[in-house]
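A.B. asks: Numbering (the working numbering), first residue to last: 17 to 114.
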Amino acid sequence: MFNVTSYSLNPKDEPVLQQLQNHLQYLSQDKKASIAIAALYEATEPSAVDFDHVCNRCSKFNKAIALLQNLSKPGLLAVARAITEELAVLEQLQGVSR
17 MFNVTSYSLN PKDEPVLQQL QNHLQYLSQD KKASIAIAAL YEATEPSAVD
67 FDHVCNRCSK FNKAIALLQN LSKPGLLAVA RAITEELAVL EQLQGVSR
């Protein structure tokens with residue numbers, strides 16, 4: 017997993033991003049993509065998002081969604097960037113091994 021804290025421009029986000037990083041490492045690529053989409057949407061349309069996303073038996077995912085609520089716009093964009101870059105690298109690596 018890429019270091020989420022390295023992309024944030026807001027130092028106040030760092031403690032939340034560190035917590036989020038701990039949860040993200042246990043999630044599948046699909047769940048990480050969902051987190052990235054939620055973070056990007058929350059960063060661009062914060063008044064329109066109601067985080068109702070709950071996954072039964074997915075405590076790490078649910079905690080990650082909850083942590084997004086505590087991030088600034090730069091923090092949310094940092095999450096989206098780190099996840100999408102990780103997924104892009106994994107896709108390239110899978111393409112090479114095919």
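For every residue, glycine included, the Cβ atom is placed at its ideal position computed from N, Cα and C. Because the structure is a prediction, the values reported are computed rather than measured.
(1) Taking a contact to mean a Cβ-Cβ separation below 7 Å, would you say residue 86 touches residue 20 in this structure?
(2) Considering residue 61, what are the terminal residues of the alpha helix (DSSP H) in which it resides?
(3) Alpha carbon to alpha carbon, how far is residue 105 from residue 99?
(4) In terms of residue numbering, what span does the alpha helix (DSSP H) encompassing residue 85 cover?
(5) Let me check understanding here. Comparing Cα to Cα, which of 40, 29 and 34 lies closest to residue 76?
(6) Given a cut-off of 7 Å, decide if residue 24 and residue 91 are closer than it, judged by their beta-carbon atoms.
(7) I'd like to check one pair, residue 26 with residue 88: are the Cβ atoms closer than 7 Å?
C.D. replies: According to the structure shown:
(1) no
(2) Per DSSP, residue 61 is not a residue of any alpha helix (DSSP H), being assigned neither H nor E.
(3) 10 Å
(4) Note, residue 85: premise wrong, no alpha helix (DSSP H); not H, not E.
(5) The shortest C-alpha separation from residue 76 is found at 40.
(6) Yes, the pair counts as a contact, with Cβ atoms nearer than the cut-off.
(7) yes
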